[in-house]
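The sequence shown stops at residue 155 when you use the numbering used here, and every number in between is there. See below for the structure under consideration.
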Amino acid sequence: MSLIDEREAEIIEEFSFSDDWLDIYQLIIDKGNDGAGIDARYKDDSHLIEGCQSKVWVNAEMVDGKVYYQGESNTEIVNGIVSILVYILSGNEPQDILDAKLTFIDKIGLQEHLTPTRSNGMLAMIKQMRLYAMAFAAQQQK
């Protein structure tokens with residue numbers, strides 16, 4: 014089982030405690046509050062995710078062949094979502110990130126309980142995180 018699969022399984026288990034989406038939204042908010050956020054120097058337009066109604070900043074660095082993300086949003090639920098994505102994807106090799114299915118989204122019912130705007134924003138975050146991984150994978154092949 015890959016690190017991504019292990020972390021997704023943790024998230025799925027953690028979110029399985031309730032069918033009440035008010036409780037689940039609160040857990041998402043708590044994840045954002047517990048997240049590391051993003052270094053202030055990356056809170057600029059070049060790190061802003063396009064396609065999100067909220068402001069969401071994501072940065073990535075590769076250290077010893079593994080990608081490490083930072084992310085933060087100015088709204089609570091979106092901040093929680095980006096924090097979950099950062100937790101699941103950080104510390105993995107670029108190709109593992111590109112291959113990740115991110116099944117937790119469907120398994121916890123996240124996409125169906127988000128507004129269309131937030132759902133599109135989440136997909137934009139995932140796309141940007143994968144673009145970072147793709148760029149790092151290309152660097153490794155040089």
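We put the beta carbon where it would ideally sit given N, CA and C, even for glycine. None of these values were measured; they are calculated from a predicted model.
Residue i vs residue j beta-carbon contact at 7 Å
i, j, result
"Q141", "I62", "yes"
"M138", "L98", "yes"
"E27", "F117", "no"
"I17", "A113", "yes"
"G64", "S96", "no"
"I51", "E89", "no"
"S15", "D119", "no"
Distance between residue j and residue i (C-alpha atoms, nearest Å)
i, j, result
"D33", "A146", "35 Å"
"L40", "D77", "32 Å"
"P107", "G48", "22 Å"
"M135", "V91", "8 Å"
"Y82", "H60", "12 Å"
Cβ-based neighbour list, residue i, same chain, cut-off 7 Å, excluding 5 preceding and 5 following
i, result
"S31", "I37"
Among the options, the one whose alpha carbon lies nearest that of residue i
i, options, result
"K56", "V71, S67 and D119", "V71"
"K79", "Q152, T130 and G104", "G104"
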